[in-house]
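So the protein lines, in turn, are chains A and B. First residue of the first sequence: 1, per my numbering; consecutive thereafter. First residue of the second sequence: 248, per my numbering; consecutive thereafter. Using N, Cα and C, we set each Cβ at its ideal position, and we do this for glycine too. Following: one structure in structure tokens, then a few remarks.
There are 2 protein chains.
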Amino acid sequence: MNDNRTRIRLFVDYDLEQGCAVPATQDQHNYLRRVMRRKDGDTVALFNGRQGEWRASIAYESKSRCMMVVHQTLRPQRTPPDVWLLFAPVKATPMNNIARMSTELGVGRICPVLTEHTNVARVNTARLRVNAVEAAEQSTRLNIPIVEEPVRFADLLKDWDPARRIILCAEAGQAEPVPDALSQISPGGPWAVMTGPEGGFSESELDGMAKLPFVTAVRLGPRILRADTAAAAVLVCWQNHLGDWSE
Amino acid sequence: MNDNRTRIRLFVDYDLEQGCAVPATQDQHNYLRRVMRRKDGDTVALFNGRQGEWRASIAYESKSRCMMVVHQTLRPQRTPPDVWLLFAPVKATPMNNIARMSTELGVGRICPVLTEHTNVARVNTARLRVNAVEAAEQSTRLNIPIVEEPVRFADLLKDWDPARRIILCAEAGQAEPVPDALSQISPGGPWAVMTGPEGGFSESELDGMAKLPFVTAVRLGPRILRADTAAAAVLVCWQNHLGDWSE
Chain A
1 MNDNRTRIRL FVDYDLEQGC AVPATQDQHN YLRRVMRRKD GDTVALFNGR QGEWRASIAY
61 ESKSRCMMVV HQTLRPQRTP PDVWLLFAPV KATPMNNIAR MSTELGVGRI CPVLTEHTNV
121 ARVNTARLRV NAVEAAEQST RLNIPIVEEP VRFADLLKDW DPARRIILCA EAGQAEPVPD
181 ALSQISPGGP WAVMTGPEGG FSESELDGMA KLPFVTAVRL GPRILRADTA AAAVLVCWQN
241 HLGDWSE
Chain B
248 MNDNRTRIRL FVDYDLEQGC AVPATQDQHN YLRRVMRRKD GDTVALFNGR QGEWRASIAY
308 ESKSRCMMVV HQTLRPQRTP PDVWLLFAPV KATPMNNIAR MSTELGVGRI CPVLTEHTNV
368 ARVNTARLRV NAVEAAEQST RLNIPIVEEP VRFADLLKDW DPARRIILCA EAGQAEPVPD
428 ALSQISPGGP WAVMTGPEGG FSESELDGMA KLPFVTAVRL GPRILRADTA AAAVLVCWQN
488 HLGDWSE
């Protein structure tokens, strides 16, 4: 038993049921064997986003390969609140922070949106996915948020389901304070929160969004927040008022 | 005029009044001249934490020296809400994130607290201060949070003013949900928020704190948050319910 050690949780893309054996990826094998120094028979927790969390034991097959043998269910799958993050890409470090923190904060989908003032040429979505998987493993989530490829702002709302309401984070002074705006909204239904790039949204972007009946523009306090802080902050507000933080 | 360029704000430790000239530090000089390529006569905004924000113009005196000549007041000093952050030190990257994000989120004092499960030998408070100053400059704050030297948990409450209430972030399951706890509290008075190390507070630490009449234990949702996310999250909650985000 590993009771005094850090509990290891791994996301696997395999069906999970009692008795099945799941092969560890090369990265997972290295992590178990070399980083965490786990031995044959030590236990880990596995989840696949569909079938809850399971206890499994490690079975090393060679110096570079191991299986994880599933033997007991730990938690049933549950559906988290339905909130997406739409964000303007920023530099790599804050962008990876955004993927990590928004995953910890329970987001279901992470969507980079190229706005007028977006100043980043390339979005490493593979890296964002790695950050999201690690954050899901560490935060005890039972699923992984979907990381989308970047879309242009003009294309974002083309096929948008108007039932999915959007909380838009505008610069200080241009919108209602977030606690006041959220206190007027009843929980339920699908949602997205949206944050802008350094320099904010353009006036035409803000005007276009403000006209839409499913968009609520808010401001996040009197100080300017960096992109990663803003994304975390609006998700914290959402989880407090409309999500699962009251449960 | 620099209307189309990023507005530069600098913290200076000098009195500010119309007509005075403030010497730039070596770092500030390099930033103005080499990073931001500002020319003689270009304007910057200055603040010192006491006398509001002032417009000043750059006067280069040599390749390595410049003065900033103060010529117009921009904003009067205002007193931000009174909230401190008590946090258990973590590794350098998340700890610097904590200093930066908590500054953006309006904290007045940043206090590292060495708890039982704290696993970090050294706290680079000079580096935390640099992060706090940069974040204050960029977030349009008019003051800089004070960064304290680390104290041991056992010493923290020795001279604690019981009028300064504490919101203690406990692990999921051990305390009231943060929105419910905060909705029962009226704004006003001095506050602190407190977050634990990886692995959380010890049972005796939690028990000791829970007995104190000025401590409210809360939990930040059903997922486990990393230390920097937790510090940002509880400050966002505090600013929403008790701070200046409703203004």
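Boundaries of the alpha helix (DSSP H) in which B:Met348 is found, first to last residue: On the second sequence, position 101 is the one that residue 348 of chain B refers to. Here the alpha helix (DSSP H) through B:Met348 covers 339-351.
Can you give the Cα-Cα distance for A:Met194 and A:Gln184, rounded to whole angstroms? Residue mapping note: residue 194 of chain A aligns to position 194 of the first sequence, counting from 1. Residue mapping note: residue 184 of chain A aligns to position 184 of the first sequence, counting from 1. So the two alpha carbons sit approximately 19 Å from each other.
Under 9 Å Cβ-Cβ, which residues of chain B neighbour A:Gly106? Taking the first residue of the first sequence as 1, we reach residue 106 of chain A at position 106. Gly468, Pro469, Arg470, listed in chain order.
Mapping DSSP to helix, strand and coil, what is A:Phe87? Working through the first sequence from its first residue, we reach residue 87 of chain A at position 87. A:Phe87 falls in the strand class under three-state DSSP.
My output table needs one value for A:Met36: the three-state DSSP class, helix, strand or coil. Working through the first sequence from its first residue, we reach residue 36 of chain A at position 36. Three-state result, A:Met36: coil.
Residues in the segment 390-406 of chain B with C-beta within 8 Å of chain A's C-beta atoms, listed in sequence order? none
One or two residues paired with B:Tyr307 in a DSSP bridge: Residue mapping note: residue 307 of chain B aligns to position 60 of the second sequence, counting from 1. Paired residue(s): B:Cys313.
Same chain only: Cβ atoms within 7 Å of B:Leu467, ignoring 5 sequence neighbours per side: Position 220 of the second sequence, counting from 1, holds the residue named residue 467 of chain B. Same-chain partners within the cutoff: Cys416, Val425, Ala477, Ala480, Val481.
Could you check whether B:Ser349 and B:Leu332 sit closer than 8 Å to each other, using their CB atoms as the reference points? As a working mapping, residue 332 of chain B is identified with position 85 in the second sequence. As a working mapping, residue 349 of chain B is identified with position 102 in the second sequence. Yes. Within cutoff.
Over what stretch of residues does the beta strand (DSSP E) that includes A:Thr125 continue unbroken? Taking the first residue of the first sequence as position 1, residue 125 of chain A is located at position 125. First-last for A:Thr125: 125-138, but that is the alpha helix (DSSP H), not the beta strand (DSSP E).
With 16 other Cβ atoms within 10 Å as the buried cut-off, status of B:Leu263: The residue you call residue 263 of chain B lines up with position 16 of the second sequence. When all chains shown are included, B:Leu263 counts as buried.
Beta carbon of B:Ala303, beta carbon of B:Val282: below 8 Å? Here residue 303 of chain B corresponds to residue number 56 of the second sequence, with the count starting at 1. Here residue 282 of chain B corresponds to residue number 35 of the second sequence, with the count starting at 1. No, the Cβ-Cβ distance between B:Ala303 and B:Val282 is not below 8 Å.
Which residues in the same chain as A:Glu148 place their Cβ atom closer than 6 Å to its Cβ, once the five residues preceding and following it in sequence are excluded? What you label residue 148 of chain A is simply residue 148 of the first sequence in a count that begins at 1. So the qualifying residues of the chain are Cys111.
Less than 8 Å between CB atoms is the rule here; does B:Ser493 satisfy it with respect to chain A? Numbered from its first residue, the second sequence carries residue 493 of chain B at position 246. So, interface residue.
Straight-line CA distance for A:Tyr60 to B:Val330? Position 60 of the first sequence, counting from 1, holds the residue named residue 60 of chain A. Position 83 of the second sequence, counting from 1, holds the residue named residue 330 of chain B. If you take the alpha carbons of A:Tyr60 and B:Val330, they lie about 51 Å apart.
If you count every other CB in all the chains shown that lies within 10 Å of the CB of B:Trp492, and 16 or more means buried, which is it? Numbered from its first residue, the second sequence carries residue 492 of chain B at position 245. It is buried - the Cβ of B:Trp492 has at least 16 other Cβ atoms within 10 Å.
Using a Cβ-Cβ cut-off of 8 Å, state whether B:Ala479 counts as contacting chain A. For the purposes of this step, residue 479 of chain B is taken as residue 232 along the second sequence, with counting starting at 1. Yes, B:Ala479 counts as interfacial toward chain A.
Option nearest B:Glu445 by Cα separation, candidates B:Cys313, B:Val337, B:Glu452, B:Thr463: Looking up residue 445 of chain B in the second sequence gives position 198. Closest by alpha carbon: B:Val337.
Is B:Phe448 helix, strand or coil when you go by DSSP? As a working note, residue 448 of chain B is residue 201 in the second sequence. Coil.
Between the CA atoms of B:Arg388 and B:Leu403 - distance to the nearest angstrom: Indexing the second sequence from 1 puts residue 403 of chain B at position 156. Indexing the second sequence from 1 puts residue 388 of chain B at position 141. The alpha-carbon atoms of B:Leu403 and B:Arg388 are separated by roughly 27 Å.
Output yes if chain B places a C-beta closer than 8 Å to the C-beta of A:Asn2; else output no. Within the first sequence, residue 2 of chain A is the residue found at index 2, counting from 1. Model confidence at A:Asn2 stands at a pLDDT of 39, short of 50, so the residue's coordinates are unreliable; what they give is reported in the following sentence. No, no contact with chain B.
Helix or strand or just coil, what does DSSP make of A:Val113? Taking the first sequence and counting its residues from 1, one reaches residue 113 of chain A at position 113. The answer is strand: DSSP assigns A:Val113 an E or B state.
Taking 8 Å as the threshold (C-beta atoms), are B:Phe448 and B:Ile413 in contact? Position 166 of the second sequence, counted from the start, is the residue given in the question as residue 413 of chain B. Position 201 of the second sequence, counted from the start, is the residue given in the question as residue 448 of chain B. Cβ distance not < 8 Å, so B:Ile413 and B:Phe448 don't count as in contact.
Within its chain, find whatever has a CB closer than 6 Å to the CB of A:Ala227; leave out the 5 residues flanking it on each side and keep chain order. Within the first sequence, residue 227 of chain A is the residue found at index 227, counting from 1. Val90, Pro94, listed in sequence order.
If the cut is a Cβ gap below 7 Å, which residues of chain B does A:Met101 touch? Position 101 of the first sequence, counted from the start, is the residue given in the question as residue 101 of chain A. The contacting residues are Thr476.
Hey, A:Ala163 and A:Thr118 are a contact pair by Cβ (cut 8 Å); roughly how many whole angstroms apart? Walking along the first sequence from the start, residue 163 of chain A turns up at place 163. Walking along the first sequence from the start, residue 118 of chain A turns up at place 118. Not a contact, Cβ separation roughly 27 Å.
Are any of the Cβ atoms in chain B nearer than 8 Å to that of A:Gly19? The residue labelled residue 19 of chain A in the question sits at position 19 within the first sequence. Taking Cβ atoms only, chain B never reaches closer than 8 Å to A:Gly19, which makes this a no.
Below 7 Å between beta carbons is the criterion; list the residues of the segment 161-182 of chain A that meet it against any residue of chain B, in chain order. Pro177, Val178, Pro179, Asp180
Cβ neighbours of B:Val259 in the same chain (closer than 6 Å, five flanking residues each side left out): Translated into the one-based positions of the second sequence, residue 259 of chain B becomes position 12. Closer than 6 Å at Cβ, skipping near neighbours: Val269, Leu293, Asn295.
Determine the burial state of A:Leu74: buried for a count of at least 16 other Cβ atoms within 10 Å of its Cβ, exposed for fewer. As a working mapping, residue 74 of chain A is identified with position 74 in the first sequence. Exposed, by the Cβ-count rule.
Within a Cβ cutoff of 7 Å, which residues of the same chain sit near A:Asn2, ignoring the five residues on either side of it in sequence? Position 2 of the first sequence, counted from the first residue, corresponds to residue 2 of chain A. Interpretation of A:Asn2 is limited by its pLDDT of 39, a score under 50 that renders its predicted location unreliable; the figure taken from the coordinates is listed afterwards. Asp42, Thr43.
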